[in-house]
Amino acid sequence: VYEMKSCVEKTGGVLVQTDTFTNVIFKESFKRVFQRDENGDLKMAFNAETEVICSREFKVAGAIGCCASLNKKSPSVAETEIGQGNTCAWKMPGLTPATSVAFFFEVTTQHTQPIPQGSMRYLQFQTHYIHSTGQHRLRVTTLAHPWATTEQAAENKLGPQGWMEVGSSFDQETCAALMARWAVNKAESEESFDILRWLDRKLIQLAQKFAEYRKDDPQSFRLAPNFSIYPQFMFNLRRSQFLHVFGASPDETAFYRIYLLTEGVTNSTLMIQPSLLAYSFNHPPGPVLLDVSSIAPDRILLLDTFFNIVVFHGETIAEWKRQNYQDNPEYASFKQLLEAPQEEARELMKDRFPFPRFVDCNQHGSQARFLLSKVNPSSTHNAQAGFGGGGEIVQTDDVSFQTFMEYLQKLTVQS
149 VYEMKSCVEK
159 TGGVLVQTDT
169 FTNVIFKESF
179 KRVFQRDENG
189 DLKMAFNAET
199 EVICSREFKV
209 AGAIGCCASL
219 NKKSPSVAET
229 EIGQGNTCAW
239 KMPGLTPATS
249 VAFFFEVTTQ
259 HTQPIPQGSM
269 RYLQFQTHYI
279 HSTGQHRLRV
289 TTLAHPWATT
299 EQAAENKLGP
309 QGWMEVGSSF
319 DQETCAALMA
329 RWAVNKAESE
339 ESFDILRWLD
349 RKLIQLAQKF
359 AEYRKDDPQS
369 FRLAPNFSIY
379 PQFMFNLRRS
389 QFLHVFGASP
399 DETAFYRIYL
409 LTEGVTNSTL
419 MIQPSLLAYS
429 FNHPPGPVLL
439 DVSSIAPDRI
449 LLLDTFFNIV
459 VFHGETIAEW
469 KRQNYQDNPE
479 YASFKQLLEA
489 PQEEARELMK
499 DRFPFPRFVD
509 CNQHGSQARF
519 LLSKVNPSST
529 HNAQAGFGGG
539 GEIVQTDDVS
549 FQTFMEYLQK
559 LTVQS
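For what it's worth, our numbering labels the leading residue of the sequence shown as 149, then goes sequentially.
#1: Quick check on DSSP: helix, strand or coil for residue 508?
#2: Just the Cα atoms here: how many angstroms apart are residue 340 and residue 358?
#3: Mark residue 327 as exposed unless 16 or more other C-beta atoms lie within 10 angstroms of its C-beta, in which case mark it buried.
#4: Return the Cβ separation of residue 238 and residue 202 in integer angstroms, given the expectation that the two are a contact with Cβ distance under 8 Å.
#5: May I ask you to verify whether the stretch 383-391 touches the stretch 401-415, counting CB pairs closer than 8 Å and requiring at least 3?
#6: Can you list, in chain order, the residues of its chain with a C-beta nearer than 8 Å to that of residue 454? Leave out the 5 residues immediately preceding and following it.
#7: Drop a sphere of 10 angstroms on the beta-carbon of residue 558, count the other beta-carbons inside from all chains shown, and report buried for 16 or more, exposed for fewer.
#8: So, is residue 512 buried or exposed, given that buried needs 16 or more other C-beta atoms within 10 angstroms?
#9: In the structure shown, what three-state DSSP assignment does residue 334 receive?
#10: Please confirm whether residue 448 and residue 461 have their CB atoms less than 7 Å apart.
#11: If you count every other CB in all the chains shown that lies within 10 Å of the CB of residue 347, and 16 or more means buried, which is it?
#12: Mind checking who residue 290 pairs with in its DSSP beta bridge?
#13: Which value, in whole angstroms, describes the spacing of the CA atoms of residue 553 and residue 542?
#14: Judging by CA-CA distance, which residue of 487, 445, 371 and 521 is the nearest neighbour of residue 556?
#15: Kindly indicate the opening and closing residues of the beta strand (DSSP E) around residue 483.
#16: At which residues does the beta strand (DSSP E) containing residue 365 begin and terminate?
#17: Compare the C-alpha of residue 426 against each of 171, 450 and 409 and name the closest.
#18: I'd like the list of long-range same chain contacts for residue 482, defined as Cβ closer than 6 Å, with 5 residues on each side in sequence excluded.
#19: Assign residue 263 to one of three DSSP states: helix, strand, or coil.
#20: Is it true that the stretch 189-197 meets the stretch 223-236, where meeting means three or more beta-carbon pairs spaced less than 8 Å apart?
#21: Quick check: residue 320 and residue 361, are their CB atoms within less than 7 Å of each other?
#22: Select from 498, 438 and 433 the residue whose C-alpha is nearest the C-alpha of residue 487.
#23: Counting C-beta neighbours from all protein chains within 10 Å, is the total for residue 316 16 or more, i.e. buried, or is it exposed?
#24: My guess is that residue 230 and residue 196 are in contact by the Cβ rule of under 8 Å, so how many angstroms apart are they, rounded?
#25: Between 199, 207, 205 and 204, which lies nearest to residue 219 when the distance is taken from Cα to Cα?
#26: Strictly by DSSP, which residues pair up with residue 579?
#27: By DSSP, does residue 212 sit in helix, in strand, or in coil?
#28: Under three-state DSSP, which class holds residue 411?
#29: Taking DSSP's pairing of strands, which residues face residue 524 in a bridge?
#30: Whose C-alpha, out of 560, 528 and 551, is nearest the C-alpha of residue 545?
#31: Do residue 269 and residue 295 come within 7 Å of each other at the CB atom, strictly closer than that value?
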């Protein structure tokens with residue numbers, strides 16, 4: 149896979165990672181490649197070309213995704229290169245409804261020539277492709293947005309460049325997906341340690357620009373709601389299999405990275421920061437913190453990492469299950485509790501591509517590692533803390549999210 153990944157990246161192809169052709173992961177994924185829409189047509193397109201046209205105030209710096217540069221020059225091309233840059237057009241031989249490409253732009257207007265207040269910026273995507281029916285189609289998407297207006301410096305600590313408008317329109321999920329793609333692209337040519345330092349610097353710069361704080365007072369650090377989860381995304385990205393490649397084969401790393409470059413924002417953020425649902429007798433099913441403290445003996449957890457769906461039974465639940473309480477009519481409620489996460493897992497896997505690996509495991513079992521490797525290690529063999537969970541300990545030297553945030557606050561507010 150590692151040796152052939154450029155073939156998949158340049159052609160928009162698909163990868164499935166499994167040990168045999170009879171494995172359900174391969175069989176289900178293979179069937180889903182040939183899914184059809186309501187008209188009976190294949191859900192795919194071919195030989196696509198996308199061109200980007202910008203107004204003069206900004207230019208396209210590059211694209212990151214499963215595409216190939218066409219080396220087409222135009223006034224819309226920036227000097228800065230991010231991903232596949234120095235062009236305004238890219239080729240994507242294969243397209244699916246899930247195909248996503250990230251485009252990066254650079255504002256090229258000089259500081260000595262400010263953009264007039266109320267000005268608009270214009271951006272157009274022209275995508276030509278062949279539909280599965282053989283039709284040639286051209287899709288044109290034109291966007292117009294106002295530039296952030298100048299503000300009085302006295303009213304805004306961010307300065308007179310319209311940063312309040314920029315901050316209020318910040319989309320932390322999209323930004324996390326873009327930074328993940330950028331980091332993975334850099335990982336092809338740079339060391340992992342350097343990329344982690346680069347991510348840290350970018351996060352500190354963002355916090356210094358948009359957080360509310362007093363100099364040299366970490367306790368005063370505050371982030372607006374539309375920035376509040378972003379540090380958590382960066383914490384999980386640093387620990388993810390996309391950048392932390394120790395213990396994974398080059399084939400596995402290539403597989404994970406290709407789908408991060410292909411999927412949209414929702415699935416990309418799920419890969420970076422998995423979702424965790426809890427099922428118990430005491431509370432209705434619902435999301436819980438991606439933290440080791442969420443593990444409890446009388447609780448079932450459902451972890452969705454996009455690539456894996458994990459049903460994790462707490463110690464007490466696992467023991468009741470071993471004693472077959474679910475087969476006793478007197479414990480019908482216990483049977484329902486066991487079936488609820490299984491049903492939700494089937495629903496999650498129904499339309500997922502590639503078909504995810506399903507893991508059914510128990511606390512302290514060997515496959516519990518699928519969950520423990522993803523949760524925030526607030527309680528480890530070195531330090532026990534957390535939010536009062538079930539006493540689970542993670543054997544790791546990774547810092548917890550709480551420690552990560554303490555360092556972020558300290559470095560942000562220092563003079």
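Built from N, CA and C at the ideal position, the CB exists for glycine as well.
A quick note: this is a predicted structure, and the numbers were derived from the prediction, not measured.
Let me spell this out:
#1: Residue 508: strand per DSSP, three-state reduction.
#2: Roughly 27 Å between the two C-alpha positions.
#3: Buried: at least 16 other Cβ atoms inside 10 Å.
#4: Between the beta-carbon of residue 238 and that of residue 202 there is about 15 Å, and that puts the pair past the 8 Å contact cut.
#5: Counting Cβ pairs under 8 Å, three or more are found: they touch.
#6: Cβ neighbours of residue 454 beyond the five flanking positions: 407, 411, 415, 418, 419, 422, 500 and 504.
#7: With fewer than 16 neighbouring CB atoms inside 10 Å of its own CB, residue 558 falls in the exposed class.
#8: That one is exposed.
#9: Residue state, collapsed to three classes: helix.
#10: The answer is yes: Cβ separation under 7 Å.
#11: That one is buried.
#12: Partner(s): 272.
#13: About 19 Å.
#14: Closest option to residue 556, Cα to Cα, is 371.
#15: No beta strand (DSSP E) holds residue 483; the alpha helix (DSSP H) holding it covers 480-497.
#16: Run containing residue 365: 365-370, per the beta strand (DSSP E) assignment.
#17: It is 450 whose Cα lies nearest to the Cα of residue 426.
#18: Correct list, in chain order: 473 and 474.
#19: In the structure shown, residue 263 sits in coil (DSSP, three-state: anything other than H, G, I, E or B).
#20: Flag = no, the stretch 189-197 and the stretch 223-236 do not touch.
#21: Cβ atoms of residue 320 and residue 361: not closer than 7 Å.
#22: For the residues 498, 438 and 433, the minimum Cα distance to residue 487 belongs to 433.
#23: With a 10 Å radius around the Cβ and a threshold of 16 neighbouring Cβ atoms, residue 316 comes out exposed.
#24: About 21 Å separates the two Cβ atoms, so there is no contact after all.
#25: For residue 219, the nearest C-alpha among the options comes from 199.
#26: One cannot answer for residue 579 here, as it falls past the ends of the chain, which runs 149 to 563.
#27: Strand, per DSSP.
#28: Of the three classes helix, strand and coil, the one that applies to residue 411 here is coil, per DSSP.
#29: For residue 524, which the question treats as bridged, DSSP gives the partners 439.
#30: Comparing C-alpha distances from residue 545 to each of 560, 528 and 551 shows the shortest one belongs to 528.
#31: Yes. Within cutoff.
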